[in-house]
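Undergrad:
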Amino acid sequence: MDTRCADPELQLDVDLMVLEYTLFQAVEVHLGVLSGGFEDDDGKMHGLQRVLAIFDSFIEIFNQSHPSHEQSPEFSFRLQILEFVVLLLCRCSSVIATDRPADDLSSMLGGYAKRDLRARRTWLASRERDCRKVGKMPATSWDLEQQIYTAWTGKSPNYASSASGHITGPLLLSLLPRFMAISARFMEATKQGPSDIWMDVACEFMLQASLEALQLRSQDGDAEGLPRLEDCFAWGYIDLDLDTSLHDDVHPAPYDDETAEIVNNLFRSPLEGGGPDAEHPDWTNLRIDTLHEFSIAADIVSSSAPPSSSQTRLLRLERLSHKHPFGEFQQRLVSLLQNLWTLSCRDEILGKPVLVEIGEGHVSSLGLERGSVDFEQFAARVGVDRGFLDEIEGDRILVRKAPDSIGTTLGLVREQSLNETYEHQRERERLRQARRTLNGGSPDVK
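The opening position of the sequence shown corresponds to residue 747 in this note's numbering, with each subsequent residue numbered one higher.
This is how it looks when you write it as structure tokens:
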């Protein structure tokens, strides 16, 4: 009888290895589908559902077994990426990539939208106080922004968009804060500031969120609760130390205070200084240039309608939708996420989960290579036998073939190998503890 067992003192570590592996593979597969040019394919979506179900089952077991464990920043970062790509795919597919009931999902997404909208309006209130605090009342950039926002208030045109009519997931405004949080965490880990490419994508993200919001406001009889133009552009550096007691009715951002500070610093100038001038000048300029895309003054020349009329706003929406196709933006966004993910997996940044490394034939943090005695002893010590290493290798090959091989075979192979390994480890531990109780002595250790 095989009496081998993982060291009980390493049980938490072993459980973490499996959990981190399933999370890593879930991100890899979802990014593979998005990077491969996503199309609404039921087969692929069901494959994604299976991968998510595996991860969900493991994290549920893990939380029950280790209720006091606090996940590492690396794990939380990867979980943020998984949530983001799942929500992005939810927008593209009629088959929602989750096992949540439709009503529960709708309620959850509605909660996201309300919370994110309140967070953006908190920022707007803080931004205005920042500008007024220094006494720059006339002709400030804030005042110029207000002129553009004001032109989009009132009754909107009845604009029929083929893109906005097929939204099945969260609004872009709800994805935007998650993109900012992921970016901020990555730049904090790499000790880098925002690149020009990142700023371009972030500003186009705001533009696309604005187009979607304005289109929805024109289609919905009751626009209350839907984002406004200013809500979508509510990103930049603000003074977090200013008193917000007058706005207690507005909830904070959809993440903790630490993340809010990191996101805020994402837009801070690398130069010394404080106040409203502390914002990164490149972001300030690119943001306002992007916002000017919604200025309808240029359209007055070709229209006899007043600047704030429905006809003029309709003309501007049509031009912007053709100028900035959503499909092209999504490709740029996914490409940026893929690069960010790849860089984050480097050893000098976050590295890869141990089981992923074992599948690749090494454990970089310990300097171990597959085939060495130390490597085999390490695998045995954490309860990973040769058969499981072969299964991991098979799973890794399947993932590389995504999205074409992300159907039933991928799900069944990984579900069997990981579930069987994980449950086998826990069953052996239970038997080990039972033998220890019966013998009244120390457990057998190989």
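Ideal Cβ placement from N, Cα and C applies to all residues, glycine included.
Bear in mind the structure is a predicted one, so any value in this text is a computation, not a measurement.
Does DSSP classify R1092 as helix, strand or coil?
TA: Coil at R1092, not helix or strand.
Undergrad: Tell me whether L758 sits in a helix, a strand or coil according to DSSP, three-state version.
TA: Of the three classes helix, strand and coil, the one that applies to L758 here is helix, per DSSP.
Undergrad: Helix, strand or coil for R824, going by three-state DSSP, please let me know.
TA: Looking at R824 - three-state DSSP - the assignment turns out to be helix.
Undergrad: Identify every residue that forms a DSSP beta bridge with E1025.
TA: DSSP output for E1025 lists R1014 as bridge partner(s).
Undergrad: How close, in whole Å, do the beta carbons of S781 and V1080 come, if the pair is a contact with beta carbons under 8 Å?
TA: Their Cβ separation, rounded to whole angstroms, is 6 Å, which keeps S781 and V1080 in contact under 8 Å.
Undergrad: Taking buried to mean at least 16 other C-beta atoms within 10 Å of its own C-beta, is V1119 buried or exposed?
TA: Exposed, by the Cβ-count rule.
Undergrad: My output table needs one value for H1108: the three-state DSSP class, helix, strand or coil.
TA: Correct three-state label for H1108: strand.
Undergrad: Checking 7 Å against the spacing of the C-beta atoms, do R861 and A980 come in under that value?
TA: Taking 7 Å as the Cβ cut-off, R861 and A980 do not qualify as a contacting pair.
Undergrad: Is the stretch 765-782 touching the stretch 792-808, taking contact as three or more C-beta pairs under 8 Å?
TA: Contact holds: three or more Cβ-Cβ distances are below 8 Å.
Undergrad: State the beta-bridge partners of L1114 as determined by DSSP.
TA: Its beta-bridge partners are V1109.
Undergrad: Going by beta-carbon coordinates alone, are I1196 and A897 separated by less than 7 Å?
TA: Residue numbering for the chain in the displayed model covers 747 to 1192; residue 1196 lies beyond these limits and cannot be assessed.
Undergrad: Are there 16 or more other CB atoms within 10 angstroms of the CB of L1017, so buried, or fewer, so exposed?
TA: Classification for L1017: exposed.
Undergrad: So L918 and E950 are supposed to be a Cβ contact under 8 Å. How far apart are they, rounded?
TA: So it is not a contact: roughly 11 Å between Cβ atoms.
Undergrad: Whether or not the stretch 769-778 and the stretch 816-831 are in contact is what I'm after, with contact meaning three or more pairs of Cβ atoms, one per stretch, closer than 8 Å; do they touch?
TA: As far as the Cβ criterion goes, the stretch 816-831 touches the stretch 769-778, which means the pair count is three or higher.
Undergrad: Work out the CA separation of G971 and V996 for me, nearest whole Å.
TA: Its pLDDT being 41, under 50, V996 is placed unreliably in this model, and the value from its coordinates should be taken loosely. Between V996 and G971, the C-alpha separation is close to 14 Å.
Undergrad: Helix, strand or coil: how does DSSP classify K860 here?
TA: The answer is helix: DSSP assigns K860 an H, G or I state.
Undergrad: For S929 and S811, I'd like the C-alpha separation in whole angstroms.
TA: S929 and S811: Cα-Cα distance of roughly 32 Å.
Undergrad: With DSSP collapsed to three states, give me the class of R974.
TA: Coil.
Undergrad: Count the other C-beta atoms from every protein chain shown that fall within 10 angstroms of the C-beta of H1233, then say buried if there are 16 or more, exposed otherwise.
TA: Examination of residue 1233 is not possible in this model, given that the chain is present from 747 through 1192 alone.
Undergrad: Taking the runs of the beta strand (DSSP E) that are 3 residues or longer, which of them lie wholly in the stretch 907-962?
TA: If we require 3 residues or more, the stretch 907-962 turns out to have no beta strand (DSSP E) run fully inside it.
Undergrad: Using 10 angstroms around the beta-carbon of L890, count the other beta-carbons present and answer buried if the total reaches 16, otherwise exposed.
TA: L890 is exposed by the Cβ-count criterion.
Undergrad: Check each candidate in H815, M952 and R1059 and name the one with the smallest Cα separation from D761.
TA: Closest by alpha carbon: H815.
Undergrad: Going straight from the alpha carbon of L1060 to that of L1066, what length do you get?
TA: Approximately 10 Å between the Cα atoms of the pair.
Undergrad: Given a threshold of 16 other Cβ atoms within 10 Å of its Cβ, counted over all protein chains shown, does D1150 qualify as buried or as exposed?
TA: Note that D1150 scores a pLDDT of 34, beneath 50, so its modelled location is shaky and nothing firm can be said.
Undergrad: Buried or exposed for S853, please, with buried defined as at least 16 other CB atoms from any protein chain shown within 10 angstroms of its CB.
TA: The residue is exposed, with fewer than 16 neighbouring Cβ atoms inside 10 Å.
Undergrad: Are the beta-carbon atoms of I1095 and A859 separated by less than 7 Å?
TA: The answer is no: Cβ separation not under 7 Å.
Undergrad: Out of F932, M791 and Y895, which one is the CA nearest neighbour of R824?
TA: The shortest Cα separation from R824 among F932, M791 and Y895 belongs to F932.
Undergrad: Which word fits S872, buried or exposed, when buried means at least 16 other C-beta atoms lie within 10 angstroms of its C-beta?
TA: So S872 ends up on the buried side.
Undergrad: Are F1040 and I894 closer than 7 Å when you measure CB to CB?
TA: A contact, by the Cβ cut-off of 7 Å.
Undergrad: Excluding the five sequence neighbours on either side, which residues of its own chain have a C-beta within less than 6 Å of the C-beta of A955, listed in chain order?
TA: Hits under 6 Å: L918, L919, L922 and C978.
Undergrad: Note down the Cα distance separating K1098 from T1036, rounded to an integer number of angstroms.
TA: Taking the straight line from one Cα to the other gives about 37 Å.
Undergrad: For E1106, which residues in the same chain have their Cβ closer than 6 Å to its Cβ, ignoring the five residues on either side in sequence?
TA: Counting only Cβ-Cβ distances below 6 Å, and skipping sequence neighbours, we find nothing.
Undergrad: With a threshold of 6 Å on Cβ separation, who are the neighbours of F808 within its own chain once the five nearest residues in sequence on each side are excluded?
TA: Excluding sequence neighbours, F808 sits near D761 and L765.
Undergrad: Go through its chain and collect everything with a Cβ distance to M763's Cβ below 7 Å, but skip five positions before and after it.
TA: Excluding sequence neighbours, M763 sits near P1099, V1100, L1101 and V1128.
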